[in-house]
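Novice:
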Amino acid sequence: MDHDPMRDLPMTDPILDRDGPARSEPGLLRGLLEDPATRVVELVGDRVPLRPDRSLALRPPAPEDADTLLLYLGRHEGVAHLAACRPTPPGDPVPREERLDAAPFAGLREVAVDLSPAQASLFATALGLANWHVRHPRCPRCGEPTEVVQAGWVRRCTRDGSEHYPRTDPAVIMAVTDADDRLLLARNIGWPEGRFSVLAGFVEPGETIAGAVVREVGEEVGVTVTDVRFVGDQPWPFPASLMIGCTARATTSELTCQPDEIAEARWFTREEFREELLAGYVRAAGRLSISGRLIEGWLGGRLDEVG
1 MDHDPMRDLP MTDPILDRDG PARSEPGLLR GLLEDPATRV VELVGDRVPL RPDRSLALRP
61 PAPEDADTLL LYLGRHEGVA HLAACRPTPP GDPVPREERL DAAPFAGLRE VAVDLSPAQA
121 SLFATALGLA NWHVRHPRCP RCGEPTEVVQ AGWVRRCTRD GSEHYPRTDP AVIMAVTDAD
181 DRLLLARNIG WPEGRFSVLA GFVEPGETIA GAVVREVGEE VGVTVTDVRF VGDQPWPFPA
241 SLMIGCTARA TTSELTCQPD EIAEARWFTR EEFREELLAG YVRAAGRLSI SGRLIEGWLG
301 GRLDEVG
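So in the UniProt record's numbering, spot 206 of the sequence shown is number 206, and the numbers just go up one at a time.
#1: If you compare alpha carbons, which of Asp227, Leu199, Pro52 is closest to alanine 263?
#2: So what does DSSP say about leucine 29, is it helix, strand or coil?
#3: Less than 6 Å between C-beta atoms, sequence neighbours within five positions excluded: which residues of the same chain meet that for serine 241?
#4: Taking valine 79 as the reference, which of Pro26, Met6, Thr88, Arg18 has the closest Cα?
#5: Between the region 124-133 and the region 234-253, do three or more beta carbon pairs fall short of 8 Å?
#6: Would you decide whether serine 289 is buried or exposed? Buried here means 16 or more other CB atoms lie within 10 Å of its CB.
#7: Beta carbon of arginine 141, beta carbon of serine 162: below 7 Å?
#8: With a cut-off of 8 Å on the beta carbons, I'd call valine 223 and alanine 250 a contact; round off their distance for me.
#9: Answer yes if the region 53-69 comes into contact with the region 102-120, meaning at least three C-beta pairs across the two stretches below 8 Å, and no otherwise.
#10: Quick one: what's got a C-beta closer than 7 Å to leucine 33's C-beta in the same chain, skipping five residues either side?
#11: Measure the alpha-carbon distance for isoleucine 295 versus glycine 218 and round it to whole angstroms.
#12: Using only CA atoms, which one of Gln119, Asp180, Gly31, Ala265 lies nearest to glutamate 220?
#13: Whole angstroms are fine: how far does the CA of phenylalanine 273 sit from the CA of threonine 252?
#14: For tyrosine 165, does the count of other Cβ atoms within 10 angstroms reach 16, so buried, or fall short, so exposed?
#15: Would you mind stating whether histidine 81 and leucine 73 have Cβ atoms separated by less than 7 Å?
#16: Starting from the N-terminal side, write out each stretch of the alpha helix (DSSP H) that is 4 residues or longer and does not extend beyond the region 274-299.
#17: Which residues share a DSSP beta bridge with threonine 146?
#18: Mind checking whether valine 213 and cysteine 246 have CB atoms under 7 Å apart?
#19: Please report the Cβ distance between arginine 30 and tryptophan 153, rounded to the nearest whole angstrom; I am assuming they are in contact, meaning their Cβ atoms lie under 8 Å.
#20: Could you tell me the boundaries of the beta strand (DSSP E) in which tryptophan 267 lies?
#21: Do leucine 185 and phenylalanine 196 have their beta-carbon atoms positioned less than 7 Å apart in this structure?
#22: Use the C-beta contact count for phenylalanine 123: other C-beta atoms within 10 angstroms, 16 or more gives buried, fewer gives exposed.
#23: The alpha helix (DSSP H) spanning glutamate 34 covers which residue range?
#24: Where DSSP assigns a beta bridge to residue 394, which residues make up the other side?
#25: So who's on the other strand from proline 235, going by DSSP bridges?
#26: Under a three-way DSSP split, which group does leucine 303 fall into?
Here is the structure:
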């Protein structure tokens, strides 16, 4: 098969130099704010401003950046990048800034497929790290407030001095096929009619990736699987996951849906999937996410070219 569905998967290119050792340098953020060569990603809530070509509206540092949550994202082609994070103003879901010439703001889901690999990585890193800060303002040991240190990569308790680091939740997402090479797709109870995707679930403590795939498929639809194989992975900062894409082979085919999670599940042949996708009876994930790419790997072509 010539089509490689993982080749241009957004947010996965390790093109950004995260420059971890520099995070502990005294005065790093202050020095970068004083350097006009520094580029700033302005994150307002979960959105960033865009230029007319739908690239990120990166800018030099501004005086008011010193009053925001600042995150050192690393360097790209030798240029340092910061994220200046502000909450969304109340009642203003899509804020505008005069000094950015009223640039439209957009979320990562809306623009990741249009961004360069470096800009997609910058946005995903900024959003994932900012989400962690919002959700962890206090020490998990004693409940006292924490302060931001290490250029935004650590929170330190103001009482006991303990340091706390960003967490990423690993999740498996799997394309399961049966002996007839039919693909298993399911609809979550919160999804509209016709929206189907591959199964997914979080890895539990003490569990391997393969173990999580076997358990999740068994719990959600009652199918036993084997031959679990890693395909690719993708950061998913909504709010803080790493999606680990796998394939697996089913040894049983009877479907028993977990009632509090799965509304319906079906086995699809390629012909059935194409026909129902074209007719609008089935809606699949877009090319932003690894879920859509796993379906493409089974289908043998791009979802947006089905015809």
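The beta carbon of each residue, even a glycine, is placed where N, CA and C say it ideally should be.
Specialist: If we stick to the structure as given:
#1: Taking the first residue of the sequence shown as position 1, residue 263 is located at position 263. For the residues Asp227, Leu199, Pro52, the minimum Cα distance to alanine 263 belongs to Leu199.
#2: Taking the first residue of the sequence shown as position 1, residue 29 is located at position 29. In this structure, leucine 29 counts as helix in the three-state DSSP scheme.
#3: Locating residue 241 in the sequence shown gives position 241, where the first residue counts as 1. Excluding positions up to five away in sequence, the list reads Asp169, Ala171.
#4: Counted from its first residue, the sequence shown places residue 79 at position 79. Of the listed residues, the one whose Cα sits closest to valine 79 is Arg18.
#5: yes
#6: Counting from one through the sequence shown, the residue named residue 289 turns up at place 289. Its Cβ being crowded by 16 or more others within 10 Å, serine 289 is buried.
#7: For this step, residue 141 is matched to residue 141 along the sequence shown. For this step, residue 162 is matched to residue 162 along the sequence shown. Going by C-beta atoms, arginine 141 is nearer than 7 Å to serine 162.
#8: For the purposes of this step, residue 223 is identified with residue 223 of the sequence shown, where counting begins at 1. For the purposes of this step, residue 250 is identified with residue 250 of the sequence shown, where counting begins at 1. Between alanine 250 and valine 223 the Cβ distance is about 5 Å, and since that is below 8 Å, they are a contact.
#9: yes
#10: On the sequence shown, residue 33 is found 33 positions in, with the first residue counted as 1. Around leucine 33: Pro61, Asp65, Ala66.
#11: Within the sequence shown, residue 295 is the residue found at index 295, counting from 1. Within the sequence shown, residue 218 is the residue found at index 218, counting from 1. If you take the alpha carbons of isoleucine 295 and glycine 218, they lie about 20 Å apart.
#12: As a position in the sequence shown, residue 220 is number 220, starting the count at 1. Minimum Cα distance to glutamate 220 is reached at Ala265.
#13: Counted from its first residue, the sequence shown places residue 252 at position 252. Counted from its first residue, the sequence shown places residue 273 at position 273. The alpha-carbon atoms of threonine 252 and phenylalanine 273 are separated by roughly 21 Å.
#14: Translated into the one-based positions of the sequence shown, residue 165 becomes position 165. So tyrosine 165 counts as exposed.
#15: Here residue 81 is taken as the residue at index 81 of the sequence shown, counted from 1. Here residue 73 is taken as the residue at index 73 of the sequence shown, counted from 1. In this structure, leucine 73 lies closer than 7 Å to histidine 81 by Cβ.
#16: 290-299
#17: Along the sequence shown, one-based indexing puts residue 146 at 146. Paired residues: Cys157.
#18: Here residue 213 is taken as the residue at index 213 of the sequence shown, counted from 1. Here residue 246 is taken as the residue at index 246 of the sequence shown, counted from 1. Yes; because the gap between Cβ atoms is below 7 Å, this pair is in contact.
#19: Within the sequence shown, the letter at position 30 stands for residue 30. Within the sequence shown, the letter at position 153 stands for residue 153. With 8 Å as the limit, arginine 30 and tryptophan 153 do not qualify as a contact, their Cβ atoms being about 16 Å apart.
#20: Stepping through the sequence shown from its first residue, residue 267 is reached at position 267. Element bounds for tryptophan 267: 262-268.
#21: Here residue 196 corresponds to residue number 196 of the sequence shown, with the count starting at 1. Here residue 185 corresponds to residue number 185 of the sequence shown, with the count starting at 1. Going by C-beta atoms, phenylalanine 196 is nearer than 7 Å to leucine 185.
#22: Here residue 123 corresponds to residue number 123 of the sequence shown, with the count starting at 1. The residue in question, phenylalanine 123, is buried, as its Cβ has 16 or more Cβ neighbours within 10 Å.
#23: Within the sequence shown, residue 34 is the residue found at index 34, counting from 1. It is not in any alpha helix (DSSP H) - glutamate 34 carries neither H nor E in the DSSP assignment.
#24: No answer is possible for residue 394: it lies beyond the span of the chain, which begins at 1 and ends at 307.
#25: If you number the sequence shown from 1, residue 235 lands on position 235. DSSP, once it has assigned bridges, lists Leu242 as partnering proline 235.
#26: Numbered from its first residue, the sequence shown carries residue 303 at position 303. The answer is helix: DSSP assigns leucine 303 an H, G or I state.
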